[in-house]
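Okay, so here's the structure we're looking at.
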Amino acid sequence: MEMSEMFWKASLDEWKRGYVQEDHNYICLLCGKRTEAGIIYPQDGVLYEAERYLKWHIGHAHGSVFQYFVGLDKKLTGLTDHQNSLLQLFYEGKSDSEIQKELGIGSASTIRNHRFGLKEKERQAKIFVTMMELLKEKDQHAPAFVEIHKSAKMVDERYNITEDEYEKIIKKYFPDGTSGELVSFSQQEKHKVIVLREIAKRFERDRFYGEKEVNEMIKPVFHDYANIRRYLIEYGFLDRQPDGSQYWLKG
Numbered sequence: 261m262e263m264s265e266m267f268w269k270a271s272l273d274e275w276k277r278g279y280v281q282e283d284h285n286y287i288c289l290l291c292g293k294r295t296e297a298g299i300i301y302p303q304d305g306v307l308y309e310a311e312r313y314l315k316w317h318i319g320h321a322h323g324s325v326f327q328y329f330v331g332l333d334k335k336l337t338g339l340t341d342h343q344n345s346l347l348q349l350f351y352e353g354k355s356d357s358e359i360q361k362e363l364g365i366g367s368a369s370t371i372r373n374h375r376f377g378l379k380e381k382e383r384q385a386k387i388f389v390t391m392m393e394l395l396k397e398k399d400q401h402a403p404a405f406v407e408i409h410k411s412a413k414m415v416d417e418r419y420n421i422t423e424d425e426y427e428k429i430i431k432k433y434f435p436d437g438t439s440g441e442l443v444s445f446s447q448q449e450k451h452k453v454i455v456l457r458e459i460a461k462r463f464e465r466d467r468f469y470g471e472k473e474v475n476e477m478i479k480p481v482f483h484d485y486a487n488i489r490r491y492l493i494e495y496g497f498l499d500r501q502p503d504g505s506q507y508w509l510k511g
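FYI, the numbering for the sequence shown is 261 to 511, going by the numbering used here.
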C-alpha cells in the first residue's frame with residue numbers, strides 16, 4: 261500500500277498517534293519510516309523496542325503529530341492562515357490574553373470567540389464524517405478515487421482522479437508498463453499528476469539523492485529529465501536542499 265493511501269485510510273486514533281501497525285512493522289504515517297518488532301534500536305545511549313523507537317522518531321523528526329498536521333496545505337486541512345496560527349498558539353498552552361498580545365488583535369474575549377468558532381467547526385466535522393461513513397453503506401455508484409498524496413501542493417480539481425481514469429492514463433503514457441519509458445509528457449494537469457506520481461515511485465523512502473543521481477534515475481524514463489525533476493519538486497513529490505545538493509522523496 262502506498263504511503264498516501266495508508267495515510268488517508270488510517271483511523272482517527274492512528275492519526276493521533278502518528279503511526280500504524282502492519283504485521284510485525286510499525287510505520288510512521290508522517291514520513292513512512294518503519295521499525296520491526298523484535299529488533300532493538302539504540303539511540304543516544306538508550307535501547308528502544310520498535311514501537312517506542314518510532315514514537316521517539318516522531319518527536320525527533322516531526323516535533324509532534326499536531327505540528328505535522330498543522331503544517332499541511334490549507335486545502336487539505338480546511339483551515340485559514342488565521343485559524344492555523346490560533347491552533348498553534350492554543351497547542352503551545354498560551355492563555356487567551358497572551359495570544360491576544362502576540363497576535364495584536366481585539367481582546368481576550370475576541371480569542372474566546374475564535375475558540376468557540378473552532379469548536380463549532382469540530383462539531384460540524386464530526387457530523388460530516390459520520391454522514392459520509394453512512395453514505396458509503398448506501399451509495400453503490402460512487403467511483404473509487406485515487407488518494408491525494410499528502411505532500412501535494414495547490415490541491416484542486418487536477419486531483420479529481422478515479423481509479424479507472426488512473427489506469428487508462430497510465431497505459432497511454434507507459435505502454436510498456438510503469439517500469440518502462442514515458443512516451444510523452446502531457447501538459448494536461450490531471451495527466452501530469454498521474455505520470456509524476458508513477459515516476460516518484462522509483463525513488464526510495466528515507467534515502468537522499470544527489471542531483472546527478474536524480475537525473476540518472478529520470479533519464480531512462482524521459483529525455484527531458486530536468487523538466488521532470490522540476491515538476492517532481494513543484495508538485496510535492498520530491499523535496500530538496502536549497503542548494504540542490506540533496507533530494508528526497510516527500511511524505
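Backbone N, C-alpha and C fix where the C-beta goes; we use that ideal spot for every residue, glycine too.
Between which two residues does the alpha helix (DSSP H) harbouring Gln384 extend?
-> Counted as a single uninterrupted DSSP element, the alpha helix (DSSP H) harbouring Gln384 occupies residues Ala368 to Lys398.
Out of curiosity, what's the CA-to-CA distance linking Arg462 and Val455?
-> Their backbone Cα atoms lie some 12 angstroms apart in a straight line.
Tyr495 vs Ala385 beta-carbon contact at 8 angstroms = No; because the gap between Cβ atoms is not below 8 angstroms, this pair is not in contact.
Between the segment 409-424 and the segment 329-337, do at least 3 Cβ pairs fall closer than 8 angstroms?
-> Yes, the segment 409-424 touches the segment 329-337.
Figure out for me which residue from Ile371, Leu289, Glu362 and Glu380 has the closest Cα to the Cα of Asp356.
-> Taking the Cα of Asp356 as reference, the smallest distance to any Cα among Ile371, Leu289, Glu362 and Glu380 is reached at Ile371.
Just checking my contact of Leu442 with Val481 at CB under 8 angstroms: how many whole Å lie between their CB atoms?
-> That pair is a contact at about 5 angstroms.
Residues bridged to Asn344 [DSSP beta-bridge criterion] = DSSP lists no bridge partner for Asn344.
Would you identify the three-state DSSP class for Glu296, choosing helix, strand or coil?
-> If DSSP states are grouped into helix, strand and coil, Glu296 belongs with the strands.
How about Lys398 and Leu332: do their beta carbons lie closer than 8 angstroms?
-> The criterion of a C-beta distance shorter than 8 angstroms is not satisfied by Lys398 and Leu332.
Phe434 burial status per 10 Å Cβ neighbour count (16 or more: buried) | Result: buried.
Can you give the Cα-Cα distance for Ile493 and Ile430, rounded to whole angstroms?
-> Answer to the nearest angstrom: the Cα atoms are 21 angstroms apart.
Buried or exposed: which applies to Gly440, given that a residue is buried once 16 or more other Cβ atoms fall within 10 Å of its Cβ?
-> Per the 10 Å Cβ criterion, exposed.
Whole-Å CB distance - Thr340 paired with Tyr313, under 8 angstroms assumed | Rounded, the Cβ-Cβ distance is 37 angstroms, inconsistent with contact.
Buried versus exposed call for His317 [16 or more other C-beta atoms within 10 Å across all chains shown] = Around the beta carbon of His317, a 10 Å sphere encloses 16 or more other beta carbons of the protein chains shown; the residue is thus reported as buried.
Please state whether DSSP places Val306 in a helix, a strand or coil.
-> Three-state DSSP puts Val306 in a strand.
Give me the Cβ distance between Arg457 and Phe405, rounded to the nearest whole Å; I'm assuming they're in contact under 8 angstroms.
-> At roughly 14 angstroms, the Cβ-Cβ gap does not stay under 8 angstroms, so Arg457 and Phe405 are not in contact.
CA-CA distance, Val474 and Lys381?
-> Here the alpha carbons of Lys381 and Val474 stand approximately 43 angstroms from one another.
Beta-carbon proximity check, Ile478 vs Tyr485, cutoff 8 angstroms = Taking a C-beta distance under 8 angstroms as the contact criterion, Ile478 and Tyr485 qualify as a contact pair.
Gly504 classed as buried or exposed, judged by whether at least 16 other C-beta atoms fall within 10 angstroms | Exposure of Gly504 is indicated by the presence of fewer than 16 other C-beta atoms within 10 angstroms of its C-beta.
Go through its chain and collect everything with a Cβ distance to Phe267's Cβ below 6 angstroms, but skip five positions before and after it.
-> The residues are Leu289 and Lys410.
Just how far apart, CA to CA, sit His483 and Val453?
-> Cα-Cα distance, rounded: 18 angstroms.
Helix, strand or coil for Thr337 per DSSP?
-> The answer is helix: DSSP assigns Thr337 an H, G or I state.
Below 8 angstroms CB to CB, which residues in the same chain sit around Ser235 once its five sequence neighbours on both sides are set aside?
-> Residue 235 lies beyond the stretch modelled for the chain, which goes from 261 to 511, so this question has no answer here.
Decide if Gly278 is buried, meaning its Cβ has at least 16 other Cβ atoms within 10 Å, or exposed.
-> Counting Cβ neighbours within 10 Å, Gly278 comes out buried, since at least 16 surround it.
With a cut-off of 8 angstroms on the beta carbons, I'd call Leu347 and Val330 a contact; round off their distance for me.
-> Contact between Leu347 and Val330 is confirmed by a C-beta separation of about 6 angstroms, below the 8 angstroms threshold.
Mind checking which residues open and close the alpha helix (DSSP H) that includes Leu272?
-> That run of the alpha helix (DSSP H) goes Leu272 to Arg277.
Given Arg208, which residues of its chain have a CB within under 8 angstroms of its CB, disregarding the five upstream and five downstream residues?
-> Nothing in the structure corresponds to residue 208, since the chain is present only between 261 and 511.
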